[in-house]
Each structure stands twice: as C-alpha cells, then as structure tokens.
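Asks:
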Amino acid sequence: MKSLLTALVLLAAAPAYAQAPTAPAPTAPAAKYSVQTTKMGELAANPVTKAIFLKYFPEVINHPQFNEGLDLTLPDVVQYLPDVVTPEKLAAMDAELKALP
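Following this note's numbering, the numbering of the sequence shown begins with 15 at its first residue and continues without gaps.
1) Enumerate in chain order the residues of its own chain whose CB-to-CB distance from S48 is below 8 Å, with the five nearest sequence positions on each side excluded.
2) Count the other C-beta atoms from every protein chain shown that fall within 10 angstroms of the C-beta of T63, then say buried if there are 16 or more, exposed otherwise.
3) Rounded to whole angstroms, what is the Cα-Cα separation between P78 and P115?
4) Just to confirm the assignment, what range does the alpha helix (DSSP H) spanning Y70 have?
5) Considering only residues of the same chain and omitting the five flanking positions on each side of I75, which have a CB-CB separation below 7 Å?
6) Would you tell me roughly how many angstroms separate the C-alpha atoms of G55 and P61, rounded to the nearest one?
7) Going by DSSP, what residue range makes up the alpha helix (DSSP H) through V98?
8) Which same chain residues, not among the five before or five after V98, have their C-beta less than 7 Å away from its C-beta?
9) I believe T51 touches T100 by the beta-carbon criterion, under 8 Å. Please report the beta-carbon distance rounded to the nearest angstrom.
Printed below as a string of structure tokens:
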C-alpha cells in the first residue's frame, strides 16, 4: 500500500509532457476569384480574369462609367443593369473564375 501511495505521488509530481500539436488536415484552397466577392477593378486588372469578364459582360466593362465602379462587385451592378447582369451569366462567369488555378 505504501509503495502504491509513493507511485501515485511520483506520478502526480512528474512533469506532464505536452504532445506536439498535429497539423490540421489540408483543405481545398478557397477560390481566389468570385463574382460575389471580387471587385470589378481587380477582375479588370488581371488579363485572364478580364478576358472572362469581357466574355460575359462586355457592356459593363466597356461602359463609359466603368471606372467609377471599380470598387463594386458584379452583383452590386445588377440594380443598374438588370437586363445585362443576369443570374445565369453571373453563375457561368463564377464557375469559370473558380476553375482558375
């Protein structure tokens, strides 16, 4: 009994060694570009995304007031050009943007 008590005291007094933290499981990287979150100015500044932008929305990117809306996203423009910026075209462009490396 005395040896059991001694063993318990020694175990309680022994320093606890922390285990090295394990790295979290890798997740798929977030898409860099999205019609929902990427500003039109950023899309227009990159030649690859600009080509996609022009494919779906030439009326927007060639609009005389385009430079005034560089801080807007495409969904922000829907209220001004609802016949041009349609949900179908937004979805198609978004799929192309998300497929970029």
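Ideal Cβ placement from N, Cα and C applies to all residues, glycine included.
Replies: In this structure, then:
1) So the list reads D108, L111 and K112, once near-sequence residues are dropped.
2) Buried is the call here.
3) Approximately 31 Å, taken between the alpha carbons.
4) P61 to Y70
5) A58, F67 and L68
6) Cα to Cα, the separation comes out at about 12 Å.
7) First-last for V98: undefined, no H or E at that position.
8) F71, E73 and V74
9) So it is not a contact: roughly 19 Å between Cβ atoms.
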